[in-house]
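Below: the structure, in structure tokens.
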Amino acid sequence: MVSCVYTGKGLVKVYWEDIQSKVEKIAPIFARLVDALSPDKSFPLYLAYYAYGDLKGDTISTFIPKENGGYYRLSDPNAPKDVIKHLGYGKASAPLAMLLEKNLELFIDLKDERITIPRIIYKPGDFFPLTRILSSKSNRVYAANNVLTLASGARSVFMLPNIGCALHHAGLQRDYNVRSAAPKSLYDHWDVFKEIAHSEVSGCHWRSCLIYFSEKWLNKINDEKAWLNLKLYLHELAWGYSEFQRNLFSYDFVFSVIQKKRNLKPNPYLVDTARHLFSTAIGASPGFVPAINNDAFPLDVIEKAYTEAYGLKKYAPACFHPKHFHFEKDKELIYYSLQNPSTHVFSPKSRRISSTISDIRELEHIVRIFVEELSKKDGVCSDTILGKISNMVEFLFYHNKTDRHRIIHSSDLIPTHDTRFNADSGFASDAKFVRGCIGIKTKHKSRG
1376 MVSCVYTGKG LVKVYWEDIQ SKVEKIAPIF ARLVDALSPD KSFPLYLAYY
1426 AYGDLKGDTI STFIPKENGG YYRLSDPNAP KDVIKHLGYG KASAPLAMLL
1476 EKNLELFIDL KDERITIPRI IYKPGDFFPL TRILSSKSNR VYAANNVLTL
1526 ASGARSVFML PNIGCALHHA GLQRDYNVRS AAPKSLYDHW DVFKEIAHSE
1576 VSGCHWRSCL IYFSEKWLNK INDEKAWLNL KLYLHELAWG YSEFQRNLFS
1626 YDFVFSVIQK KRNLKPNPYL VDTARHLFST AIGASPGFVP AINNDAFPLD
1676 VIEKAYTEAY GLKKYAPACF HPKHFHFEKD KELIYYSLQN PSTHVFSPKS
1726 RRISSTISDI RELEHIVRIF VEELSKKDGV CSDTILGKIS NMVEFLFYHN
1776 KTDRHRIIHS SDLIPTHDTR FNADSGFASD AKFVRGCIGI KTKHKSRG
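Residue numbers for the sequence shown follow the numbering used here, so the first one is 1376 and each next one is one higher.
Dropping the structure here:
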């Protein structure tokens, strides 16, 4: 069933005049272009509300939320006729959508490895999938099957201190009706967080909200000259999203040339990690940041549950979630951890036995050489984003063990480097994530 009443749940049928003011706040250029077209009530839109942790879709089809809970696939022949009529064009993948509220995470779920790899973090104003606009005349499918999943809120979320104590976890099971066992890895934190958020006890009303565009919007965008400016706007967005991937060949070539020039013969796994750090610094790949609001997940609800029901006393309930770094404007650090790898390639580690601290020393050496070569004024990357990153960004390496070479910072120093942490409230400097992590931040501009 499709509702025409705003309830903050399920699927709500609306029109441009109903949501224009909300869209204008997050995508003013798009709103101005649509205003010029004055779409009437033959151009329906659908607001879809997803609770935290619910799947928005997979590589098979999109999940449509029901007002009373639960979901149905857009490809389901028993879906409401109105939905099939207007959104059925996306039943094999997904209809064009814009995120209106909160965040979504597109991720790779490696169940056997017990890790997730965040691919894209969508924020309000983002459109997807833009292949409907870019490839309307192409029958070629390049995306692999059953690789990516899209979830409401952050999937790759975790709490920094250890929360695997069965005795304390029993408090969550008692007070929030949590059925999951105490988490054994960071991968398991999301399952517990989701149960807490869905518990009636928590009173959590966290919802992400998407706008689905009906097929008539797509037909006009692709075929009508009057809608050309709107199509060009979406093309420009897609072009920007794909910029890093379009230049990936040249970046890979440059890194290979540097390795050959400097006679680098490191652990292949660490070279891949170093490249990924540059991808994170550019903003192409998400890193991890401490949560400071409810945009990615219901932080206040989770903090309350672990402070009161779990009884977390020694450490603050600091949570991390994935985010794209914007080196031009972000002032705080973004993190990557060797203990929670999220690279998109899987080169084998060297056969020699090594510790995390020796790995992070070697990684620091690789990154330092890459920075030296990429930051040269007359180098092959001097006018590129890689050259800019190498001059404007610094990489900080952390471990909780003392480094006799004084190359690696003590993880105790993270709260002094990152103002989002309160050093007086108890920072878990021995937590797994920070036992071999890298912080990336924009250098402060010197005055004078």
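Positions of the beta carbon are idealized from the N, C-alpha and C atoms, including for glycine. Values in this document were obtained by computation on a predicted structure and should not be read as measured data.
Closer than 8 Å by C-beta to residue i: which residues in its own chain qualify, once you throw out the five before and the five after it? Chain order, please.
i	result
Gly1754	Glu1748, Gly1762
Cys1694	Val1532, Phe1533, Met1534, Leu1535, Pro1665, Ala1666, Phe1672, Leu1674, Ile1677, Glu1678
Ile1764	Phe1653, Ala1656, Ile1657, Phe1702, Leu1749
Lys1722	Correcting the residue type first, residue 1722 is Ser in the shown sequence and not Lys. Excluding residues within five positions, the ones whose Cβ falls inside 8 Å are Pro1643, Tyr1644, Val1646, Asp1647.
Within the same chain, show all residues whose beta-carbon is closer than 6 Å to that of residue i, passing over the 5 residues directly before and after it, in chain order.
i	result
Asn1772	The sequence shown places Phe at residue 1772, rather than the Asn named in the question. Excluding positions up to five away in sequence, the list reads Ile1735, Glu1739, Ile1783, Ile1813.
Ser1804	Asn1775, Ser1786, Asp1787
Tyr1447	Ile1439, Ala1454
Ser1577	Ile1571, Val1676
Going by other Cβ atoms of all chains shown within 10 Å of its Cβ, with 16 needed for buried, is residue i buried or exposed?
i	result
Ala1472	buried
Ile1824	Nothing can be reported for residue 1824: it is not among the residues displayed for the chain, which extend from 1376 to 1823.
Arg1781	exposed
Trp1391	buried
Glu1683	exposed
Asn1597	exposed
Lys1688	exposed
Gly1823	At Gly1823, the pLDDT of 40 sits below 50, so the modelled position is not reliable and the matter cannot be decided from this model.
Phe1808	buried
Asp1415	exposed
Arg1489	exposed
Val1522	exposed
Ala1806	buried
Just to confirm, are residue i and residue j a CB contact at a threshold of 8 Å?
i	j	result
Gly1528	Lys1486	no
Val1553	Ile1571	yes
Leu1475	Lys1591	no
Tyr1587	Leu1462	yes
Lys1466	Ser1436	yes
Leu1479	Lys1441	no
Ala1613	Leu1505	yes
Rounding to the nearest angstrom, what Cα-Cα distance links residue i and residue j in this structure?
i	j	result
Asp1429	Ile1459	22 Å
Phe1503	Leu1605	15 Å
Arg1637	Ser1631	10 Å
Asp1675	Asn1668	8 Å
Phe1624	Glu1618	12 Å
Ile1744	Ile1401	40 Å
Ser1821	Arg1407	Here Ser1821 scores only 48 on pLDDT, less than 50, and its place in the model should not be relied on; the value that follows carries that caveat. The straight-line gap from Cα to Cα measures roughly 40 Å.
Glu1769	His1696	21 Å
Ser1729	Val1720	20 Å
Lys1818	Phe1796	19 Å
Gln1620	Asp1627	11 Å
Arg1810	Pro1493	21 Å
Phe1700	Gly1445	34 Å
Lys1498	Arg1530	14 Å
Lys1559	Val1567	11 Å
With a threshold of 8 Å between beta-carbons, can residue i be considered close to chain C, or not?
i	result
Lys1751	The question asks about chain C, but that chain is absent: this structure has only one protein chain.
Can you give me the Cβ contacts of residue i inside the same chain, cut-off strictly under 7 Å, excluding the 5 residues immediately before and after it?
i	result
Cys1756	Val1629, Leu1749, Gly1762
Asp1433	Thr1524
Ala1557	Gly1539, Cys1540, Ala1541, His1544
Pro1641	Glu1737, Ile1741
Gly1801	Lys1689, Tyr1690, Ala1691
Between residue i and residue j, which are expected to be in contact by the criterion C-beta below 8 Å, what is the C-beta distance as a whole number of angstroms?
i	j	result
His1651	Thr1718	4 Å
Trp1581	Tyr1427	5 Å
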